[in-house]
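Every letter in the sequence shown is one number past the one before it in full-length UniProt numbering, and letter 273, counting from 1, is 273. C-beta: ideal position from N, C-alpha, C; glycine also. One structure is given below, encoded as structure tokens.
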Amino acid sequence: MRVKELHPLCCITLESPHGIDDNNRPPVTNFTRSRSLPATSLAGGSNRRKVTSVGSESVAGILHKWTNFGKGWRSRWFLLRNGILSYSKIRRPENLNLLSSSEDVRLIGDVSAGRLSRMDSSSGRRKPKKTVGIVHLKVSSFRESKSEDRKFYIFTATKTLHLRTDSISDRAAWLQALASTKCIFPLRSLNGDFSFTSPMDLSISTERLKKRLHEEGINDNLVKECEQIMLSEFSEMYEQVKLLHEERTNLFDALRQLETANLEAEASGNDDNGYQLTKHGFSSLGRGKYSECSTTASSDDKQEFEDVSEEDEPSFHDTKEYFNEPNVGSGSNGYTDIKRRTKLPDPAEKEKGVSLWSMIKDNVGKDLTRVCLPVYFNEPISSLQKCFEDLEYSYLLDRAYEHGKSGNGLLRALNVAAFAVSGYASTEGRHCKPFNPLLGETYEADFPEKGIRFFSEKVSHHPTVIACHCEGKGWKFWADTNLKSKFWGRSIQVEPVGVLTLEFDDGEVFQWSKVTSTIYNIILGKLYCDHHGVMQIRGNRQYSCTLKFKEQSILERNPHQVNGYVEDVSGKKAAMVFGKWDDSLYYVAGDGVSKTKVSDPASNALLLWRRTKPPPNVTRYNLTSFAITMNELTPGLEEMLPPTDSRLRPDQRHLENGEYEKANLEKQRLERRQRMSRQLQESGWRPRWFEKQGESETFKYTGGYWEARGRRTWYDCPNIFGEFTEEQLADSA
Numbered sequence: 001m002r003v004k005e006l007h008p009l010c011c012i013t014l015e016s017p018h019g020i021d022d023n024n025r026p027p028v029t030n031f032t033r034s035r036s037l038p039a040t041s042l043a044g045g046s047n048r049r050k051v052t053s054v055g056s057e058s059v060a061g062i063l064h065k066w067t068n069f070g071k072g073w074r075s076r077w078f079l080l081r082n083g084i085l086s087y088s089k090i091r092r093p094e095n096l097n098l099l100s101s102s103e104d105v106r107l108i109g110d111v112s113a114g115r116l117s118r119m120d121s122s123s124g125r126r127k128p129k130k131t132v133g134i135v136h137l138k139v140s141s142f143r144e145s146k147s148e149d150r151k152f153y154i155f156t157a158t159k160t161l162h163l164r165t166d167s168i169s170d171r172a173a174w175l176q177a178l179a180s181t182k183c184i185f186p187l188r189s190l191n192g193d194f195s196f197t198s199p200m201d202l203s204i205s206t207e208r209l210k211k212r213l214h215e216e217g218i219n220d221n222l223v224k225e226c227e228q229i230m231l232s233e234f235s236e237m238y239e240q241v242k243l244l245h246e247e248r249t250n251l252f253d254a255l256r257q258l259e260t261a262n263l264e265a266e267a268s269g270n271d272d273n274g275y276q277l278t279k280h281g282f283s284s285l286g287r288g289k290y291s292e293c294s295t296t297a298s299s300d301d302k303q304e305f306e307d308v309s310e311e312d313e314p315s316f317h318d319t320k321e322y323f324n325e326p327n328v329g330s331g332s333n334g335y336t337d338i339k340r341r342t343k344l345p346d347p348a349e350k351e352k353g354v355s356l357w358s359m360i361k362d363n364v365g366k367d368l369t370r371v372c373l374p375v376y377f378n379e380p381i382s383s384l385q386k387c388f389e390d391l392e393y394s395y396l397l398d399r400a401y402e403h404g405k406s407g408n409g410l411l412r413a414l415n416v417a418a419f420a421v422s423g424y425a426s427t428e429g430r431h432c433k434p435f436n437p438l439l440g441e442t443y444e445a446d447f448p449e450k451g452i453r454f455f456s457e458k459v460s461h462h463p464t465v466i467a468c469h470c471e472g473k474g475w476k477f478w479a480d481t482n483l484k485s486k487f488w489g490r491s492i493q494v495e496p497v498g499v500l501t502l503e504f505d506d507g508e509v510f511q512w513s514k515v516t517s518t519i520y521n522i523i524l525g526k527l528y529c530d531h532h533g534v535m536q537i538r539g540n541r542q543y544s545c546t547l548k549f550k551e552q553s554i555l556e557r558n559p560h561q562v563n564g565y566v567e568d569v570s571g572k573k574a575a576m577v578f579g580k581w582d583d584s585l586y587y588v589a590g591d592g593v594s595k596t597k598v599s600d601p602a603s604n605a606l607l608l609w610r611r612t613k614p615p616p617n618v619t620r621y622n623l624t625s626f627a628i629t630m631n632e633l634t635p636g637l638e639e640m641l642p643p644t645d646s647r648l649r650p651d652q653r654h655l656e657n658g659e660y661e662k663a664n665l666e667k668q669r670l671e672r673r674q675r676m677s678r679q680l681q682e683s684g685w686r687p688r689w690f691e692k693q694g695e696s697e698t699f700k701y702t703g704g705y706w707e708a709r710g711r712r713t714w715y716d717c718p719n720i721f722g723e724f725t726e727e728q729l730a731d732s733a
């Protein structure tokens, strides 16, 4: 009989102190955990069942995946199964044939029953849809977006997937599914008990080994020598495993420290601006509710498009996430937190429509600011308040001040450019005309939570000129605007005339003028607003900026485009700027000469600004959340306002409350009074809070308003919304 050569460890069995029978004996590698075994060892048996019982549920649904600025968001069919997230294109709804009735798959989102029946009935006849992308969650990470409640990111080793759902609940469901999937990977249990057994706590049985060796005729001395060899090799293995265990413990301790720092930052209220890592690739260690679920990585997107460069996945970094916005106070410290409204009052009566044809016949070619229109065409804010709406994203100016203070003039210029573009975002979907202010009408806005206070006044009636002044932390902003508008039957064109000036406390000044705005399809078709032209932002120091608002054409698939650049005093381009005036603005450092498309950002593209999501309670006015607060009379405010403030204008207040008949009557009365304002202006009337600068047509704030407000002394402010008599006109002369 041929003697088989045996390895000294081939018959080793490990016995726990409690004793386990041979049928249920754990494997030798119980020093690591059963879930750490190679995948091949999980092909069958209890380990397989144990793993799949946690992550066996497959999840599928439609997600919107960001491709590029040319194509924007595209719908993709995503399937999460066994720790792998795959996705494919959706060319037609009937192509969703990836599921069958026998599969245990939970659907997330709106997938109709009719579509599922088509998918199920056709799954046996048609080949499965080709997968164009795969993400292994074991080596990837993910987190939710802090700025958008329907968006989240998945980070792989080579790219970042920007995904968006149709609802907040859908995003929560997907994130929960991704978080649950981590349970099949070692990283899922950071707080799990690691059972590490010392060799002194184990009894090593050699009975089977001795019996086998005796059967081969080997004496006891050789058996003992084999036993010593076995113990020696086992001790070396034990030391190696112990070293690995210590390294694992150190890594988990470091990870817990990062998580603790992030939780402390979030608890302090700085969700978006607090603790940050230097690169977004490590965001899985320190940001977001699901950041502890970091797990991925390789993604095979080579098959996703015939032309790979057509839908390359750029990696965007939000500069707001890397900038800790200071808490700016306005006029006083320790202000009381003001709770502002989130919706307009419910209308008191049903609004009646107005025929356009009679309006068109009488007003073609006339100046729209001089046309008496019913309140049906107005929104419940005035042009004075509309000026303040341009300051909605004033944090960009706070950021620009801080960047300039730290010596970064380029980022200051870029944030000023983003601020100049952001003022147009609120015009999207807004088709109503703001109220034309009366001569001498004013508006104030004290927003300590934003760190700004704003004041505006109508300083001229013919031509109509509105002057405004705003103060923030480290900067001042002022402007005077004359709107020249024409009604051409099918469209309304508005050309702003005037200069907007921004001055920082360190002396740097930026000036620019607004571009032309046009409202189309007044008679037929869907109304829409567009802005077009070139905006020159001139700085008095190192940088200036040029932005081109592209005019929308009939066949335009990607409207509202803005492209431009920042250049230094020598004319060299320092950064390229691109985006949409109704959505967001990005920049790329350098002149962009090597890029084929200006709007195709590289991986180092940075987000300068993104529009705030619209309010949930939308009315036909489509006011932003910021605009809804403008005409609000917060508790105690009315007693502090001058009689000239827009909030006290009766027709505007009646329209906001849905009292349309009263609003029309008051508007007609005030416009009759307004026609006498020209006589006031010709008789030597001067604005109360602004003065004309020499022979120029510009107006500058003279000061004193906020001091008078503190004293509540408005003796020199007439009640312009009351009755106006000929005697008053004679007295004013």
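Less than 6 angstroms between C-beta atoms, sequence neighbours within five positions excluded: which residues of the same chain meet that for A173?
What you label residue 173 is simply residue 173 of the sequence shown in a count that begins at 1. If we look at A173 and ignore the five residues flanking it on each side, its Cβ neighbours are I108.
Might you give, ordered along the chain, the residues of its own chain that have their beta carbon closer than 6 angstroms to the beta carbon of A589, omitting 5 neighbours on each side?
For the purposes of this step, residue 589 is identified with residue 589 of the sequence shown, where counting begins at 1. The answer, listed in chain order, is A575.
Counting along the chain, where does the alpha helix (DSSP H) carrying I168 start and finish?
Taking the sequence shown and counting its residues from 1, one reaches residue 168 at position 168. First-last of the alpha helix (DSSP H) with I168: I168 to T181.
Rounded C-beta distance between L410 and E656? I'm assuming under 8 angstroms.
Taking the first residue of the sequence shown as position 1, residue 410 is located at position 410. Taking the first residue of the sequence shown as position 1, residue 656 is located at position 656. Actually they do not touch by this definition, with Cβ atoms about 43 angstroms apart.
Three or more C-beta pairs below 8 angstroms linking the region 443-459 and the region 553-564
No, they do not touch.
Short check: CB of T612 to CB of C529, under 8 angstroms?
In the sequence shown, counting from the first residue as 1, residue 612 sits at position 612. In the sequence shown, counting from the first residue as 1, residue 529 sits at position 529. No. Outside cutoff.
Checking the sheet assignment: what are the DSSP bridge partners for N563?
Reading the sequence shown from its first residue, position 563 is the one you call residue 563. K548 and F578.
Measuring alpha carbon to alpha carbon, tell me which residue in L397, S180, L85 and T464 is nearest V132.
Here residue 132 corresponds to residue number 132 of the sequence shown, with the count starting at 1. Taking only the C-alpha atoms, the option nearest V132 is L85.
Quick check: R649 and S382, are their CB atoms within less than 8 angstroms of each other?
Here residue 649 refers to the residue found at position 649 when the sequence shown is read from its first residue. Here residue 382 refers to the residue found at position 382 when the sequence shown is read from its first residue. Taking 8 angstroms as the Cβ cut-off, R649 and S382 qualify as a contacting pair.
Below 8 angstroms, how does it come out for the region 681-698 and the region 438-458: are there three or more Cβ pairs, yes or no?
These segments touch.
For L500, which three-state DSSP category applies?
The residue given as residue 500 occupies position 500 in the sequence shown. L500 falls in the strand class under three-state DSSP.
Between the Cα of L483 and the Cα atoms of L623, G472 and S513, which residue gives the shortest distance?
Reading the sequence shown from its first residue, position 483 is the one you call residue 483. For L483, the closest of L623, G472 and S513 by C-alpha to C-alpha distance is S513.
Buried or exposed, going by whether 16 or more other CB atoms sit within 10 Å of the CB of Y565?
On the sequence shown, residue 565 is found 565 positions in, with the first residue counted as 1. Buried: at least 16 other Cβ atoms inside 10 Å.
Roughly how far, in whole angstroms, is the beta-carbon of L607 from the beta-carbon of Y586, given that I think they are within contact range, below 8 angstroms?
The sequence position of residue 607 within the sequence shown is 607, counting from 1. The sequence position of residue 586 within the sequence shown is 586, counting from 1. Contact holds; Cβ gap of about 6 angstroms.
With the cut-off set at 8 angstroms, would you say N622 and R647 are in Cβ contact?
In the sequence shown, the residue the question calls residue 622 occupies position 622. In the sequence shown, the residue the question calls residue 647 occupies position 647. Against a cut-off of 8 angstroms, the Cβ pair of R647 and N622 comes out as no contact.
If the criterion is Cβ atoms closer than 8 angstroms, does the pair N65 and L163 meet it?
As a position in the sequence shown, residue 65 is number 65, starting the count at 1. As a position in the sequence shown, residue 163 is number 163, starting the count at 1. Note on identity: in this sequence residue 65 is Lys, with Asn being the wrong assignment. In this structure, L163 lies closer than 8 angstroms to K65 by Cβ.
S422 versus L396: straight-line alpha-carbon distance, rounded
Within the sequence shown, residue 422 is the residue found at index 422, counting from 1. Within the sequence shown, residue 396 is the residue found at index 396, counting from 1. Their Cα atoms are separated by approximately 9 angstroms.
To the nearest angstrom, report how far apart R81 and S625 are at their CA atoms.
For the purposes of this step, residue 81 is taken as the residue at position 81 of the sequence shown. For the purposes of this step, residue 625 is taken as the residue at position 625 of the sequence shown. A straight line joining the alpha-carbon of R81 with that of S625 spans about 40 angstroms.
Counting Cβ pairs closer than 8 angstroms, one from the region 397-404 and one from the region 470-477, do we hit at least three?
The region 397-404 vs the region 470-477: in contact.
Can you give me the Cβ contacts of N617 inside the same chain, cut-off strictly under 6 angstroms, excluding the 5 residues immediately before and after it?
The sequence position of residue 617 within the sequence shown is 617, counting from 1. So the qualifying residues of the chain are K343.
Spatial neighbours of A418 in its chain, beta-carbon cut-off 6 angstroms, leaving aside the 5 residues before and after
Mapped onto the sequence shown, residue 418 falls at position 418. Closer than 6 angstroms at the Cβ level, and outside the excluded window around A418, lie L396, L585, L608 and W609.
Between the C-alpha atoms of L524 and R453, what's the straight-line distance to the nearest angstrom?
Start at 1 with the first residue of the sequence shown, and residue 524 comes out as number 524. Start at 1 with the first residue of the sequence shown, and residue 453 comes out as number 453. Their Cα atoms are separated by approximately 41 angstroms.
Run through the region 597-652 for me and flag every whole alpha helix (DSSP H) of 4 or more residues, listed as ranges in chain order.
Within the region 597-652, the complete alpha helix (DSSP H) runs of at least 4 residues fall at 625-628.
According to DSSP, is V494 helix, strand or coil?
The count along the sequence shown starts at 1 and reaches residue 494 at position 494. DSSP places V494 in strand when its eight states are reduced to three.
Residue range of the beta strand (DSSP E) that includes C470
Counting from one through the sequence shown, the residue named residue 470 turns up at place 470. For C470, the uninterrupted beta strand (DSSP E) segment begins and ends at V465 to G472.
Buried or exposed (CB count within 10 angstroms, at least 16 for buried), I168:
What you label residue 168 is simply residue 168 of the sequence shown in a count that begins at 1. Around the beta carbon of I168, fewer than 16 other beta carbons sit within 10 angstroms, so the residue counts as exposed.
Continuous alpha helix (DSSP H) stretch holding N521: start and end
Translated into positions along the sequence shown, residue 521 becomes position 521. Run containing N521: none; DSSP gives neither H nor E here.
Anticipated Cβ contact below 8 angstroms, G533 with T546, distance rounded:
Here residue 533 corresponds to residue number 533 of the sequence shown, with the count starting at 1. Here residue 546 corresponds to residue number 546 of the sequence shown, with the count starting at 1. That pair is no contact at about 11 angstroms.
Applying the 10 Å Cβ sphere with the 16-neighbour rule, what's the burial state of P642?
As a working note, residue 642 is residue 642 in the sequence shown. So P642 counts as buried.
Considering only their Cβ atoms, is the gap separating F510 from G539 smaller than 8 angstroms?
Mapped onto the sequence shown, residue 539 falls at position 539. Mapped onto the sequence shown, residue 510 falls at position 510. Cβ atoms of G539 and F510: closer than 8 angstroms.
Considering only the alpha carbon of each residue, which of K159, E148, P496 and D149 lies closest to I134?
By one-based count along the sequence shown, residue 134 stands at place 134. Ranking K159, E148, P496 and D149 by Cα distance to I134 puts K159 first.
Contact check, C432 vs N521 under 8 angstroms by CB: the rounded distance?
Numbered from 1 along the sequence shown, position 432 holds the residue referred to as residue 432. Numbered from 1 along the sequence shown, position 521 holds the residue referred to as residue 521. Not confirmed; about 15 angstroms, so no contact.
Straight-line CA distance for Y401 to E57?
In the sequence shown, the residue the question calls residue 401 occupies position 401. In the sequence shown, the residue the question calls residue 57 occupies position 57. Straight-line spacing of the CA atoms in Y401 and E57 works out to 51 angstroms.
On the CB-based measure, 16 or more other CB atoms within 10 Å of its CB, does K450 come out buried or exposed?
Locating residue 450 in the sequence shown gives position 450, counting from the first residue. K450 is buried by the Cβ-count criterion.
Can you have a look at M640 and say buried or exposed, based on whether 16 or more other CB atoms are within 10 angstroms of its CB?
As a position in the sequence shown, residue 640 is number 640, starting the count at 1. Exposed, by the Cβ-count rule.
Which two residues bound the contiguous alpha helix (DSSP H) that contains Y586?
By 1-based counting over the sequence shown, the position of residue 586 is 586. Boundaries for Y586: no alpha helix (DSSP H) harbours it, while the beta strand (DSSP E) harbouring it runs S584 to A589, taken from the DSSP string.
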